[in-house]
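Its first residue numbered 1456, the sequence shown is counted upward by one per residue in the numbering used here. Note sheet for the following structure.
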Amino acid sequence: MILNRDGRAHLERCLTAIAKTAYQEVEIIVVDNASTDGSAEMAEHVQTRFPLKVIRNEENRSFSEANGQGVAAGTGELICFLNNDVDPITEHWLGYMVETLSSEGAAAVGARLIYPRHRGGPRAGSQHADLTLQHDGVEFDRTKAIPMPSVMGSGGNPLSPEAAMIDERPALTAACLLVSRSAFEGVDGFALPYDYGIEDIDLCLKLRAAGGRLIYDGRAAMWHHESATRAADVALYRARVKGNREIFADTWGPRIFREALLDGIAGAGRMSNKPFHVAITITSDDPVAGFGDWYTGHELGDALNALGWQVSYLSRSNDGWYVPDASVEAVIVLLDACDIRKLPRRLITMAWIRNWPERWMERVWFDDFDVVFGSSDRIVAMVRERSAKVATLLPLATNPARFGAPSPDANLVCDVLFAGSYWGEDRDVVDALPALAERGISVHVHGRGWSDVPTFAGLDRGYLPYEDVPRAYASARIVVDEAASSTKTCASVNSRVFDALAAGAVVISSGATGVHDLFGDLVPTWTDSTSLISHVESILSAPHEATRRSQAAQAAVLAEHTYAIRAVTIRDALTQWAMSDRYGLRIGVPRWDVFERWGDYHFARALQRSLERLGHPTRVHFLPDWKSHVSAREDITIHLFGLKEAPTRSGQVNLLWQISHPDLASAELYDRYDHAFVASDRFAARMAGKSHVPTTPLHQATDPARFKPDPTGPGHELLFVANSRHVRRPIVDDLANTTHDLAVYGMGWTPELIDPRFVKGENIPNADVHRYYSSAAIVLNDHWDDMRIEGFLSNRLYDALASGAFVVSDDVEGLAAEFGGTVATYRSQPELNAIIEAALADPDERSRRGVRGRDIVIRHHTFDARAAVIHDVAHGISSSRPRRILD
């Protein structure tokens, strides 16, 4: 099957070479796409010993359509697609391919393609030298947001043993591709949307998804002149490539991302032979600098490398965190200061919280991490309580190859060893260790900064190189561990505990909660100088029991707390992340510097929190991400509809949740989605009658983890939290002459819209809004005209009620039923004033309504409840679609 358009010279050379083919049962079909250079006439009159049929098209039909014509016209059970710019080097090429297809039980077989000696004129593959390999298969490049096909072997030695081998491949090019007709037709052949590009890769993926194998046969050697057409019009070629990649991402996005990622994690080589590449962020890549994360990072990196991963390190200096090599696919972040917003969005980001958990979760980018690890149960619980993420337990560990069996060093022998640096902070050991020395106990202190502490003059042994630390632990009778403030409160166990125990030392730690969680009572603990001195003297005078417990703790460390085990935990967590149904939430926030002003941002984070707790990793995509391939990776997308329409992709489950702007809705918009949710019963019913897509009412909601009673804010009588959008708001106008304490917070409240004395601020941090709601006597609410008319209830109602507030609002159809009459509603200014006066005079009634309102919201209107509905709908759709390509 040869497709041609104005390629007479190529076609004539190709047909002449095919005529020498030794394989006998051949029919040649040429499909000519409206050539004007005499190609069709030449083909019709060429002399060949094989039957030849020419199909003439009056227009330039697509690759898929034209090849489909040829397949329909042919009679063979095997189909060989051959570019007109490819010609065989040996006469046995086709026989080899037929033999391989039959003997290997393959669905398709590809050939070895070689650049010929070039004789002038432009050549598309000109970046590679003549007489080098052009193709020995196709793999998938995981460094792209959506893995894209990448030719294997280009520029290599065409005579190497590898080039001549027979082996399975992730995909093959249709420049020379032998396919079983039954397999080809079984997957409906080439897909139509493409424009001369990626049709063959799409076919290969369909064949593999159907259980077929793709084999490269290097014995079938071919010259590939690689037509100069694309070299002649670079702009057109690039536009076509971009368009085809968009189609590929739309069609295969979640599946190819999942398949290629799982393959890379496992090192299976079924989608690419390149190792999975992870980078680890550290403060400095100089071990002499004394930063503890160097040791943690490199020990973990060595363990990941042992799994077959490629590991590199990103140093903080000169913003090295943010310039990873282009081949990096994932980043493990060890320090909270690393702003992952500065990293390429295509990267998978993993946080390992080992200290300062509060600081980690205060970072505005924290919820953007894909995977989170915590070094203690307490950190894992804090992540669940204070963020949208769910963390996996990953304590620090040891490397048995380094610390497992060290020999003591006579020069390092001491009763008590402390290995750690002094950076000027308060440390209990500053008082305790000199006191031990005064009792005649030999104390060695290794680390930086101790020369600045006068009482350590006789204890300070200076910096100890990392490679000498195991021998120091083995030479000490007791190793003291002090949990710093950054780890003690969160029960994170220091690496020195694991290392010293692995070396066989008796360890005494001030991190009581952490060591008890991991080792029970096997590791003694101290709380202050007095208790440390007491424990040390007790152990030195009667070491047998402490040694017995230490040996049991050593066994536990070597069995459960090695970096090899931690590497497997990371690999398994990343595998689980890849296997999960992942969600993408699209919101109209244009950039990070304005996100706090967008209610959709906080709405999306709350929904993310609930979806993550259902086991679905979720990313929030700002407006610039919508059309990028990064947002084509999730299985399920939810567009929180605002002012702009988001793209939909055929490879994803596309869900719409219309929470505002009913004036922008249309049947055409809804029909682009698989399911539409609407925050109004009335509007949902209307759109269900216009659209072909299933439409479900799904009201607004609240996040009770963030909105809860907490009356520690300012005690305003009347509180209104809303932006003006530079227009008048009726509830503000109705209260223009109030004598009560009216406090308005929001953007755009200019003097022509409100008396400036009522404006108390432009913004309340989202984390504090519940405090303001809880503390106000009355929280005011209103609706934009289109929202009120169409029955869309304000999100403010749900949040204020969840905070235990008494709420007064304009009336909207369905409001009373939604909240059981707990919200006081008004229709006129006199009615509003009367409600306010009565409510201010009756705090008990306000309290009763607030309690009842909160109870109703918590029982019926949380994001957890909404996420459960979304999950059920999404699962019902996705369960009928394939998630994988390979078994």
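Glycine included, C-beta positions come from ideal geometry on N, C-alpha and C.
Measure the alpha-carbon distance for Ile2290 versus Thr2317 and round it to whole angstroms.
28 angstroms
What's the C-alpha gap between Asp1883 and Ser1930?
23 angstroms
For Ser1490, which option in Ala1566, Leu1458 and Phe1911 has the closest C-alpha, if you only look at C-alpha atoms?
Leu1458
Which parts of the region 1756 to 1837 are runs of the alpha helix (DSSP H), unbroken and 4 residues or longer, counting only runs that do not cross its ends?
1812 to 1817
Is the region 1954 to 1974 touching the region 1894 to 1904 in the sense that three or more CB pairs, one from each, lie closer than 8 angstroms?
Touching, no, given that fewer than three Cβ pairs across the two stretches are closer than 8 angstroms.
Determine the DSSP secondary structure at Tyr2038, reduced to helix, strand or coil.
Reduced to three states, the DSSP call for Tyr2038 is strand.
Between the beta-carbon of Ala1704 and the beta-carbon of Ile1601, is there less than 8 angstroms?
yes
So, with DSSP's three-state summary, where would you put Cys1945?
Three-state DSSP puts Cys1945 in coil, outside helix and strand.
Segment limits, alpha helix (DSSP H) that includes Thr2344
This structure cannot settle anything about residue 2344, because the visible part of the chain is limited to 1456 through 2342.
Could you give the uninterrupted runs of the alpha helix (DSSP H) lying entirely in the region 1848 to 1896, keeping only those of 4 residues or more?
1855 to 1858 and 1884 to 1893
Can you tell me whether DSSP reads Ala2131 as helix, strand or coil?
strand
Tell whether a beta-carbon distance below 8 angstroms holds between Val2108 and Ala2329.
For Val2108 and Ala2329, yes; Cβs fall inside 8 angstroms.
Look at the alpha carbon of Met1607 and the alpha carbon of Glu1681, and state the distance between them as a whole number of angstroms.
16 angstroms
Confirm, please, whether the CB-CB distance from Met1603 to Gly1673 is below 8 angstroms.
no
For Glu1813, count neighbouring Cβ atoms within 10 angstroms of its own Cβ and tell me buried if that reaches 16, exposed if not.
exposed
Would DSSP call Arg2074 helix, strand or coil?
Taken through DSSP and simplified to helix, strand or coil, Arg2074 comes out as strand.
Val1827 to Ala1846 span [Cα, whole Å]
5 angstroms
Compare the Cα-Cα distances from Glu1893 to each of Asp1907, Ala1912 and Gly1763 and report the closest residue.
Ala1912
Can you tell me whether Leu1660 is helix, strand or coil according to DSSP?
helix
Just to confirm, are Leu1891 and Val1991 a CB contact at a threshold of 8 angstroms?
yes
Gly2216 lies in the beta strand (DSSP E); which residues open and close that run?
Per DSSP, Gly2216 belongs to the beta strand (DSSP E) from Val2214 to Gly2216.
When DSSP builds the beta bridges, which residues end up paired with Gln2113?
BP columns for Gln2113 point to Phe2096 and Val2133.
Taking the alpha-carbon positions, what's the Asp2090 to Ile2340 distance?
14 angstroms
Which value, in whole angstroms, describes the spacing of the CA atoms of Arg2052 and Arg2060?
Linking Arg2052 to Arg2060 through their CA atoms gives a straight-line distance of about 14 angstroms.
Taking buried to mean at least 16 other C-beta atoms within 10 Å of its own C-beta, is Trp2360 buried or exposed?
Missing from the structure shown is residue 2360; the chain here goes from 1456 to 2342 and no further.
Cutting at 6 angstroms between CB atoms, please list the residues of its own chain near Gly2216, excluding the five before and the five after it.
Tyr2200
Buried or exposed: Ser2229, going by 16 or more other Cβ atoms within 10 Å of its Cβ?
buried
Straight-line CA distance for Thr2150 to Gly2331?
14 angstroms
What residue range is occupied by the uninterrupted alpha helix (DSSP H) comprising Pro1925?
Unbroken alpha helix (DSSP H) run through Pro1925: Val1924 to Ser1930.
Return the residue from the list Arg2251, Arg2338, Arg2003 and Phe1536 that minimises the CA-CA distance to Gly2308.
Arg2251
Evaluate Ser1844 with the Cβ neighbour count: other Cβ atoms within 10 Å of its Cβ, from every protein chain shown; 16 or more gives buried, anything less gives exposed.
Going by the sequence as given, residue 1844 is Lys instead of Ser. Its Cβ being crowded by 16 or more others within 10 Å, Lys1844 is buried.
Element boundaries [alpha helix (DSSP H), containing Trp1678]:
Premise fails: Trp1678 lies in the beta strand (DSSP E), Leu1669 to His1679, not in any alpha helix (DSSP H).
Could you round the C-beta distance between Met1456 and Ile1534 to whole angstroms and report it? I think they count as a contact, below 8 angstroms.
6 angstroms
Report yes if the C-beta distance between Asp1954 and Phe1858 is below 8 angstroms; otherwise report no.
yes
Roughly how many angstroms lie between the CA atoms of Ser2258 and Gln1765, to the nearest whole one?
49 angstroms
Gly1875 and Glu1922 look like a contact to me (Cβ under 8 angstroms); what is the Cβ gap, rounded to whole Å?
About 17 angstroms separates the beta carbons of Gly1875 and Glu1922, which is beyond the 8 angstroms limit, so they are not a contact pair.
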